[in-house]
Amino acid sequence: MEPKKGTIRNIIFDGFEKVIQSETPVLVDFYALWCGPCNSMEPILQRIAVEYKDKIDVYKLDTRNYPDVAREQGVKNLPTLILYKRGQAVGEKIQGLQTLDDMREKLDQLLLASATL
Numbered sequence: 001m002e003p004k005k006g007t008i009r010n011i012i013f014d015g016f017e018k019v020i021q022s023e024t025p026v027l028v029d030f031y032a033l034w035c036g037p038c039n040s041m042e043p044i045l046q047r048i049a050v051e052y053k054d055k056i057d058v059y060k061l062d063t064r065n066y067p068d069v070a071r072e073q074g075v076k077n078l079p080t081l082i083l084y085k086r087g088q089a090v091g092e093k094i095q096g097l098q099t100l101d102d103m104r105e106k107l108d109q110l111l112l113a114s115a116t117l
């Protein structure tokens with residue numbers, strides 16, 4: 001059963017490539033359970049998932065369970081958020097703890113950039 005829009009979904013390894021190939025832009029949160037800033041981002045990402053439910057899908061990927069995926073995607077700091085569309089990373093990575101306003105601003109810029117893909 002497909003989760004409803006406005007929720008954060010977890011990526012399992014076999015699904016990463018499929019998820020990022022989506023026509024709908026996909027925001028992936030690379031995180032770890034032990035990461036304090038990652039945990040602090042959780043309520044912000046919940047808000048983003050709801051506010052942007054008609055524009056993006058939001059996924060989380062636990063880097064402890066999938067270090068190879070994180071390494072292949074150039075993730076060096078946590079949290080790192082990357083917007084993908086049709087398998088391509090859009091713009092720059094969003095790294096570190098962000099405020100809700102900062103996330104909205106950066107995400108709006110990334111969505112404009114994704115419109116050309």
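Under our numbering, the first residue of the sequence shown is numbered 1, with each subsequent residue one higher. Ideal placement from N, C-alpha and C gives every residue a C-beta, glycine not left out.
Residues sharing a beta bridge with residue i, DSSP
i	result
Val26	Asp57, Tyr84
Arg9	Tyr59
Ala89	Tyr84
Ile94	Leu81
Tyr31	Asp62
Of the listed residues the options, nearest to residue i (C-alpha basis)
i	options	result
Glu17	Leu33, Val28, Arg104	Val28
Gln95	Lys53, Val75, Glu105	Val75
Glu7	Glu42, Gln109, Gly87, Ala89	Residue identity check: residue 7 is Thr in the sequence provided, not Glu. The shortest C-alpha separation from Thr7 is found at Glu42.
Ile20	Lys85, Thr99, Ser114, Ile56	Lys85
Asp57	Leu117, Cys38, Leu107, Tyr66	Leu107
Arg47	Leu111, Thr116, Leu117, Asp102	Asp102
Leu97	Tyr31, Gly15, Asp54	Tyr31
Val26	Cys38, Gly15, Cys35	Gly15
Glu105	Leu78, Glu51, Glu72, Gln73	Glu51
Lys5	Ile44, Ala49, Thr99, Ser40	Ala49
Chain C contact for residue i (CB, 7 angstroms cutoff)
i	result
Leu83	You won't find chain C in this structure, because it holds only one protein chain.
Pairwise C-alpha distance: residue j and residue i
i	j	result
Asp68	Asn10	16 angstroms
Arg64	Ala113	30 angstroms
Thr116	Leu33	35 angstroms
Met1	Gly36	Interpretation of Met1 is limited by its pLDDT of 44, a score under 50 that renders its predicted location unreliable; the figure taken from the coordinates is listed afterwards. If I take the Cα positions, the gap works out to 31 angstroms.
Glu23	Tyr59	15 angstroms
Arg71	Ser40	23 angstroms
Ile196	Ile12	For the chain, the structure presents residues 1 to 117; residue 196 sits outside this window and is missing.
Asp62	Thr80	11 angstroms
Integer Cβ distance of residue i from residue j, believed to fall under 8 angstroms
i	j	result
Gln109	Gly91	7 angstroms
Lys55	Leu111	6 angstroms
Ile44	Leu78	Between Leu78 and Ile44 the Cβ distance is about 15 angstroms, and since that is not below 8 angstroms, they are no contact.
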